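Undergrad:
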Amino acid sequence: MMRHALSVDVEDWYHDAALAGHPAQRVETNTLQLLDLFAAYEARATFFFLGEVAARFPALVRRAAAAGHEIASHGYGHRPVAELVRREFRADVARSLRLLEDITGRHVRGYRAPYFSIKADVRWPIETLAELGVTYDSSILAIDRPPGLELVCPRAPFRHPSGLWEIPVGILQMLCFWYLPLASGAGLRLVPPRLLRRCVQRFEREVGTAVFYLHPWEIDPASPTGPGAGRWLLRIGRHRLMARLRALLREYAFAPIADVFAAQLSSAERSSEVAGATR
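End of the sequence shown = 768 in my numbering, gap-free, step of one.
1) Can you give the Cα-Cα distance for Gly637 and Ser627, rounded to whole angstroms?
2) Taking the alpha carbon of Arg533 as the point to measure from, which residue in Ala744, Pro682, Ser606 and Leu671 has its own alpha carbon closest?
3) Please check the pair Asp498 and His596, which I expect to be a contact at CB under 8 Å, by giving their CB distance rounded to whole angstroms.
4) Look up Met731 in the DSSP assignment and say whether it is helix, strand or coil.
5) If contacts are defined as beta-carbon pairs under 8 Å, then Val542 and Asp501 qualify, I think. What distance do you get, rounded to the angstrom?
6) Measure from the alpha carbon of Ala528 to the alpha carbon of each residue in Val749, Arg552 and Pro681, then state which is nearest.
7) From Glu517 to Ala699, what distance separates their C-alpha atoms?
8) Run through DSSP, which three-state label would Ser606 get?
9) Cβ atoms of Thr624 and Gly599: under 8 Å apart, would you say?
10) Distance cutoff 8 Å, beta carbons only. Does Arg515 sit that close to anything in chain D?
11) Between the Cα of Phe750 and those of Ala556, Val658 and Arg568, spot the shortest distance and give me the residue it belongs to.
12) Can you tell me which of the three DSSP states Glu655 falls into?
13) Apart from the five residues just before and just after Pro603, which ones in its own chain have a Cβ nearer than 7 Å to its Cβ?
14) Thinking C-beta only, is Ala544 closer than 8 Å to Leu586?
15) Ordered along the chain, which non-local residues of its own chain (more than five positions away) have a Cβ less than 7 Å from that of Leu524?
16) Give the DSSP-derived three-state secondary structure of Glu639 in the structure shown.
17) What residue ranges within the stretch 540–589 form continuous beta strand (DSSP E) runs of no fewer than 3 residues, ordered along the chain?
18) Hey, Leu653 and Ala631 are a contact pair by Cβ (cut 8 Å); roughly how many whole angstroms apart?
19) Taking the alpha-carbon of Glu707 as reference, which of Cys688, Arg694 and Arg727 has the nearest alpha-carbon?
20) Need the endpoints of the alpha helix (DSSP H) that Leu495 sits in, please.
21) I need the straight-line Cα distance from Asp610 to Trp721, nearest angstrom please.
22) With respect to the beta strand (DSSP E) encompassing Leu630, which residues constitute its N-terminal and C-terminal limits?
23) For Thr698, which of helix, strand or coil comes out of DSSP?
24) Measure how close the beta-carbons of Thr535 and Ala752 come, nearest whole angstrom, since I'm counting them as under 8 Å.
25) Please report the residue range of the beta strand (DSSP E) in which Ala645 lies.
26) On the premise that Ile615 lies in contact with Ser673, defined as a C-beta separation below 8 Å, what is that separation, rounded to the nearest angstrom?
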């Protein structure tokens with residue numbers, strides 16, 4: 490059985506909707522459900538914590554870490570990288586790294602941008618992450634979007650000129666020409682299980698290990714959805730996601746990103762041992 494990487498972007502429903510203030514918070518309850526589910530199947534994952542969530546619920550971060558999950562950064566606020574200048578981006582990431590390391594007492598190795606908003610052809614965010622001592626990024630989608638008809642970077646892990654590793658989420662191929670981020674909560678919610686299984690099997694043959702991801706709000710049918718065209722897609726299938734996650738956990742073995750790709754990441758860390766001192 491091939492081992493895949495499992496990851497969770499720990500944010501609340503209103504972060505994705507880009508709403509100001511702090512509406513009803515459901516992230517703690519939903520994340521605890523995921524922790525219990527993973528424990529039942531002896532699965533471990535990478536939890537990309539948003540700094541705002543970690544600051545409000547530090548015990549949740551500690552519980553995930555104590556259960557053997559990897560703790561990584563989702564930034565502090567939930568702003569797309571394209572909306573930030575380099576100085577703002579650096580401050581946001583550094584703030585989240587310090588907070589998570591203070592809570593866990595462990596070095597944070599990974600980062601994933603809100604909305605997967607680092608582009609393959611923009612180098613300064615990756616260079617900034619390397620300067621901050623981050624070992625890997627998981628922010629770049631390997632497809633043009635929309636419509637996902639061509640690849641803009643490899644689907645397999647690759648190393649940036651800065652030395653940072655890129656660990657892309659699984660971009661699965663459908664209908665021989667369409668590439669979509671279906672190794673995800675959305676894929677589990679929207680795609681028939683048999684079709685999704687065939688897509689994963691093809692990915693295993695062509696690329697290898699996949700990185701799956703989801704959000705805590707995706708398992709919560711009662712969680713609100715912010716306004717906006719197309720946001721109804723975020724609600725479809727939430728009532729069945731937990732059952733489909735159970736089926737996925739029965740069929741595949743899962744581990745954190747840092748464990749699955751340990752060989753690549755250890756080589757990166759040997760070449761950048763002193764980078765973290767610049768935070």
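C-beta: ideal position from N, C-alpha, C; glycine also. Bear in mind the structure is a predicted one, so any value in this text is a computation, not a measurement.
TA: By the coordinates alone:
1) 18 Å
2) Ala744
3) In fact, because the Cβ distance is near 20 Å, the residues do not count as touching under 8 Å.
4) helix
5) 7 Å
6) Arg552
7) 27 Å
8) coil
9) yes
10) Checking the listed chains, one finds no chain D in this structure; it contains a single protein chain.
11) Val658
12) strand
13) His563, Gly564, His567, Arg568 and Pro569
14) no
15) Arg552, Ala553 and Ala556
16) coil
17) 559–562
18) Contact doesn't hold; Cβ gap of about 16 Å is too wide.
19) Arg727
20) No alpha helix (DSSP H) holds Leu495; the beta strand (DSSP E) holding it covers Arg492 to Val499.
21) 31 Å
22) Unbroken run through Leu630: none, as it is neither H nor E.
23) coil
24) Wrong, their Cβ atoms sit about 17 Å apart, outside the cutoff.
25) Run containing Ala645: none; DSSP gives neither H nor E here.
26) Actually they do not touch by this definition, with Cβ atoms about 22 Å apart.
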